[in-house]
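Right, one structure below, let's go through it.
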Amino acid sequence: MSEGHSGLVAHQFETAEQQKETVNLGMWAFLITEVMMFGALFSAYGFYRAQYPAAFAAGSDHLNYFMGAFNTAVLICSSLTMALGVQAAQQGKRKGIILFLLLTILLGGIFLGVKVLEYADKYEHHLMPGINFSVDSPFAAQIELFYCFYFAMTGLHALHMIVGIAILGTLVVLSYRRRFSANYYNPVEMAGLYWHFVDIVWIFLFPFLYLIGRS
Amino acid sequence: MSDHRIPKRIYYLIFATLLLFTMITVEVAFYDLGILSFPVALGIACFKSTLVILYFMHVRYSSGLTGLFVSAGFIFLAILLVFTLLDVKTRDWQFQPDESGISLVVPF
């Protein structure tokens, strides 16, 4: 395996195994920078939620927790199909890769569709800071702040979903052209890491944005 | 090394656990746990993401170096969050209400 399959192992690597380890580490280095970017947002969110707990709870109350929970389930399903897609790649099952990646794209599309419905609903109810925002409450300014966080965090997350869907679409095409085999499937595995990371971000966003002050 | 074949049932088991804990986190949000409600939500989210990282992202089956890399990243995230919140909670922040409602006077 160390040589053969010309072009699969770049010349700076001794073996495919070494190449895989390096690619994996590089992807994690990138994901950690992503963790830090979202971490800064979570940190700012934590600061203001500690200052204005009542306003944040009131803001969260306007969100539809059922849609959030539904989307959480959709993303968890998509993580499962992604993991099964990577497994199909490990076993060199080309049809399996294409099927599971298409399923993952479909679930990602459903997530974004629900998100569009939610954003449209916020627009109708005048809950979009900067575009139209009016709430009848003594804490209106703080509730607006909550919605700034809501749109910044879910918007950045949705952007990651769109990028992820584009990556998966590319992989489906490459897979259709027989570019992957049981010996070489690093891109599929790395796209999997990215997709699961986006899922993790949502695992935190859901309770922090949708579920405050429900009791 | 990372070519460990993970049985499909592990994936299904993790998937079911993630869905179960999503239901639990929604359910507990409707109980008044007082000061505990945030730590409980945070704990459940941390537990779920640990499962995703270890099994879906294969870190449990990866090399020690990868594990070290990942843990170091999250330790630095924890430093960012913990020290920010320590500062917020122990400093005597003073808020001056005005028409915008969000002005803040930082004590020296």
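First to last, the sequence lines map onto chains A and B.
Those letters in the first sequence? Residues 1 to 215, by the working numbering.
Those letters in the second sequence? Residues 1001 to 1108, by the working numbering.
Glycine is no exception: its CB is placed at the ideal position from the N, C-alpha and C atoms.
Contact with chain B by residue i, beta-carbon distance below 8 Å
| i | result |
| --- | --- |
| Ser-2(A) | Here Ser-2(A) scores only 44 on pLDDT, less than 50, and its place in the model is too uncertain to base an answer on. |
| His-196(A) | yes |
| Ser-79(A) | yes |
| Asn-71(A) | no |
| Leu-84(A) | yes |
| Ala-50(A) | yes |
Neighbour list for residue i in chain B, Cβ cutoff strictly below 9 Å
| i | result |
| --- | --- |
| Ser-181(A) | Within chain B, no residue comes near Ser-181(A); the closest Cβ sits about 13 Å away, beyond 9 Å. |
| Gly-46(A) | Leu-1081, Thr-1084, Leu-1085, Val-1088 |
Range of the contiguous alpha helix (DSSP H) that encloses residue i
| i | result |
| --- | --- |
| Ala-83(A) | 65-90 |
| Gly-1034(B) | First-last for Gly-1034(B): undefined, no H or E at that position. |
| Ala-57(A) | 53-61 |
| Ala-182(A) | From DSSP, Ala-182(A) is part of no alpha helix (DSSP H); its letter is neither H nor E. |
| Asp-121(A) | 94-124 |
| Val-1088(B) | 1064-1090 |
is_contact[residue i, chain A] using C-beta, thresh 8 Å
| i | result |
| --- | --- |
| Ser-1002(B) | Summary for Ser-1002(B): the model assigns pLDDT 48, below 50, so the residue's position carries little reliability; its value from the coordinates is reported in the next sentence. So, interface residue. |
| Arg-1009(B) | no |
| Thr-1090(B) | no |
Under 7 Å by beta carbon: chain A residues contacting residue i
| i | result |
| --- | --- |
| Gly-1073(B) | Ile-32, Val-35 |
| Asp-1032(B) | Ser-215 |
| Tyr-1061(B) | Going along chain A, no residue has its Cβ under 7 Å from Tyr-1061(B), so there is no contact; the nearest lies around 11 Å. |
| Leu-1132(B) | Absent from the structure is residue 1132(B), since the part of chain B shown begins at 1001 and ends at 1108. |
| Leu-1065(B) | Leu-25 |
Buried versus exposed, by CB contacts within 10 Å (16 or more), residue i
| i | result |
| --- | --- |
| Arg-49(A) | buried |
| Cys-77(A) | buried |
| Ser-1071(B) | exposed |
| Asp-199(A) | buried |
| His-126(A) | exposed |
| Gly-192(A) | buried |
| Gln-18(A) | exposed |
Per-residue contacts from residue i into chain B (C-beta, under 7 Å)
| i | result |
| --- | --- |
| Ser-43(A) | Leu-1080, Leu-1081, Thr-1084 |
| Phe-56(A) | Correct list: empty, because the minimum Cβ distance to chain B is about 11 Å. |
| Leu-193(A) | Met-1057 |
Chain-ordered chain A contacts of residue i [CB-CB under 8 Å]
| i | result |
| --- | --- |
| Thr-1131(B) | The question about residue 1131(B) has no answer here: the residues shown for chain B are numbered 1001 through 1108. |
| Leu-1077(B) | Val-35, Met-36, Gly-39 |
Chain B contact residues for residue i, given Cβ-Cβ distances below 8 Å
| i | result |
| --- | --- |
| Tyr-150(A) | Those within 8 Å of Tyr-150(A) in chain B number zero; the least Cβ separation is about 16 Å. |
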